[in-house]
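J.: Sequential numbering of the sequence shown, starting at 92, is according to this note's numbering.
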Amino acid sequence: MTSTSSFDKDTSGQEVARTYAAQGANKTVLITGVSIGGIGEAIARAFAHGGASPIIITGRNEERMNAVLKALSADYPDTKFRTLKLDLASIKASQAAAKEILEDPSIKKVDIIIGNAGGNFMTDERDLTVDGIEMNFAANHIGHFVFIKTLLPKLIEAAKSPGMPPGATRVVMVASLASWFSPIRFSDWNFDLKELPDDEKPDHEALKRILAEKPRDGFDTNIAYGQSKTANVLFATHLNTLLSGDGIRAFALHPGGVLSNGPASFLAEMPPEQRESLASVFFKNIDQGSSTVMVAALDPKLSPEDGIFLEDCQISTAPEWATSKEKAEKLWKLSEEIVNDKLKG
């Protein structure tokens with residue numbers, strides 16, 4: 092249950108930040124994937140609006156990161172912002188970025204982490220990272236897994252801070268309704284196109300219902316994206332299992348159909364009939380797209396016992412395959428195996 096039942100799809104992130112200003116003020120917040128015109132920028136603005144500081148913003152491209160830093164600093168001169176170069180498509184780079192924060196003496200703790208970076212990479216063929224991992228799974232899940240797991244000491248330090256209420260320290264993963272497209276393909280997580288057991292097969296009906304997409308032969312970027320978004324929800328699920336005793340809570344969410352830079356560009360390239368069918372899906376601006384993130388990060392009443400998945404600022408439902416504690420633990424172990432194997436190489 093949330094504290095504010097009136098919040099919905101039209102609520103703005105800045106309205107949520109004002110409502111929960113007492114929870115956001117002076118918090119150290121880290122947001123992955125912040126660039127001009129994206130949800131990440133709106134999330135950073137909402138936190139600054141509510142008094143959070145310092146705010147650490149990450150991105151792969153330094154020029155784009157500096158552009159958003161300049162814009163944020165101009166509008167919120169009293170807020171301390173820090174940039175961090177983060178390439179989530181690389182295990183070593185994700186680990187190195189986290190260690191940079193761990194070793195920064197000016198950052199004593201991290202109160203809230205928002206795993207926002209990533210997206211559907213929209214490739215016709217499987218695209219492998221430098222680590223040999225399918226790009227959606229790598230950038231959306233494995234990179235965040237490495238980065239956030241490495242940063243856990245800073246989160247635990249925040250949770251132990253004097254006066255910090257249990258559960259106020261949080262990890263929030265920006266997932267998607269795409270989690271309905273596919274469970275984790277434990278038998279074929281890297282899309283080598285091996286035979287799948289029935290409980291690991293994608294839901295093509297969900298793909299058709301949500302995206303008006305037909306199944307594709309061979310590699311399907313939407314199914315790969317769906318697997319990675321399921322992984323985001325399972326990651327939050329297992330973080331709660333591991334960290335609830337430390338006073339840390341984790342949530343995942345669907346931000347809604349947000350007309351940020353990414354969707355706007357791929358909608359423009361779609362055939363007219365498909366573009367028309369999806370036009371009504373992408374109806375939120377980026378400030379509205381940040382609101383559910385802000386609720387997940389700040390609402391003091393939120394508890395994983397009531398549900399870990401949110402949509403339109405309220406508790407919602409994710410597929411069972413994305414919230415199963417058994418599957419969450421299995422994914423955690425698989426992720427550790429993948430990371431350890433790649434780091435050895």
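We treat Cβ as the ideally placed atom computed from N, Cα and C, and that holds for glycine.
Is it right to say residue 166 is buried, meaning 16 or more other beta carbons lie within 10 angstroms of its own, or is it exposed?
T.: Per the 10 Å Cβ criterion, exposed.
J.: Find the nearest neighbour of residue 376 within the set 295, 124, 134, judged by alpha-carbon distance.
T.: Of the candidates 295, 124, 134, the one whose C-alpha sits nearest the C-alpha of residue 376 is 134.
J.: Would you call the stretch 387 to 395 and the stretch 255 to 272 touching, i.e. three or more CB-CB distances under 8 Å?
T.: The stretch 387 to 395 is in contact with the stretch 255 to 272.
J.: DSSP puts residue 213 in a beta bridge; with which residues?
T.: In the DSSP output, where bridge partners are listed per residue, residue 213 has none listed.
J.: Take the Cβ of residue 307 as the centre, count every other Cβ of all protein chains shown within 10 Å, and call the residue buried at 16 or more, exposed below.
T.: Exposed: under 16 other Cβ atoms inside 10 Å.
J.: Per the contact definition of three or more C-beta pairs closer than 8 Å, is the stretch 167 to 177 in contact with the stretch 133 to 150?
T.: With the cut-off at 8 Å, the stretch 133 to 150 and the stretch 167 to 177 touch.
J.: Assign residue 402 to one of three DSSP states: helix, strand, or coil.
T.: Of the three classes helix, strand and coil, the one that applies to residue 402 here is strand, per DSSP.
J.: Assuming residue 309 is part of the beta strand (DSSP E), what are its boundary residues?
T.: No beta strand (DSSP E) holds residue 309; DSSP gives it neither H nor E.
J.: Suppose you measure from the CA of residue 346 to the CA of residue 298; what does that come to, to the nearest Å?
T.: For residue 346 and residue 298, the distance between alpha carbons rounds to 18 Å.
J.: My understanding is that residue 193 touches residue 244, with C-beta atoms under 8 Å, so please give their C-beta distance in whole angstroms.
T.: That pair is a contact at about 7 Å.
J.: What are the uninterrupted segments assigned as beta strand (DSSP E) that are 3 or more residues long and contained completely in the stretch 165 to 253, given in chain order?
T.: Qualifying beta strand (DSSP E) stretches, in chain order: 172 to 176, 203 to 206.
J.: Using only CA atoms, which one of 164, 211, 408, 420 lies nearest to residue 312?
T.: For the residues 164, 211, 408, 420, the minimum Cα distance to residue 312 belongs to 211.
J.: What are the boundary residues of the beta strand (DSSP E) that residue 138 is part of?
T.: Not the beta strand (DSSP E): residue 138 falls in the alpha helix (DSSP H), residues 130 to 140.
J.: I want to know whether the stretch 405 to 422 touches the stretch 209 to 227 - three or more CB-CB distances under 8 Å.
T.: They do not touch, by the three-pair rule.
J.: Could you tell me which residues DSSP puts in a beta bridge with residue 260?
T.: Looking at the DSSP assignment, residue 260 forms a beta bridge with 339.
J.: Looking at C-alpha atoms only, which residue of 309, 386, 92, 97 is the closest neighbour of residue 216?
T.: Nearest option by C-alpha distance: 309.
J.: Report the rounded CA-to-CA distance for residue 123 versus residue 289, giving the unit in angstroms.
T.: About 34 Å.
J.: Between the C-alpha atoms of residue 188 and residue 98, what's the straight-line distance to the nearest angstrom?
T.: For residue 188 and residue 98, the distance between alpha carbons rounds to 35 Å.
J.: Taking 8 Å as the threshold (C-beta atoms), are residue 263 and residue 205 in contact?
T.: Cβ atoms of residue 205 and residue 263: closer than 8 Å.
J.: Alpha carbon to alpha carbon, what distance is there between residue 92 and residue 330?
T.: Roughly 20 Å between the two C-alpha positions.
J.: What span of residues does the beta strand (DSSP E) with residue 149 cover, start to end?
T.: Looking at the DSSP string, the run of the beta strand (DSSP E) that includes residue 149 is 146 to 150.
J.: Starting from residue 393, trace the beta strand (DSSP E) both ways and give me its first and last residue.
T.: From DSSP, residue 393 is part of no beta strand (DSSP E); its letter is neither H nor E.
J.: Can you list, in chain order, the residues of its chain whose CB lies under 6 Å from that of residue 333, leaving out five sequence neighbours each side?
T.: Cβ within range, chain order: n/a, list empty.
J.: Cα separation between residue 169 and residue 162?
T.: The alpha-carbon atoms of residue 169 and residue 162 are separated by roughly 13 Å.
J.: Hey, how far is the Cα of residue 400 from the Cα of residue 409?
T.: Their backbone Cα atoms lie some 6 Å apart in a straight line.
J.: Specify the secondary structure class of residue 287 as computed by DSSP and reduced to three states.
T.: If DSSP states are grouped into helix, strand and coil, residue 287 belongs with coil.
J.: Between residue 355 and residue 348, what straight-line distance do the alpha-carbon atoms span, to the nearest angstrom?
T.: Low per-residue confidence applies at residue 355: pLDDT is 49, beneath 50, and the placement is therefore not dependable, though the value from the model is reported in the following sentence. Residue 355 and residue 348: Cα-Cα distance of roughly 11 Å.
J.: Quick check on DSSP: helix, strand or coil for residue 118?
T.: The answer is coil: DSSP assigns residue 118 none of H, G, I, E or B.
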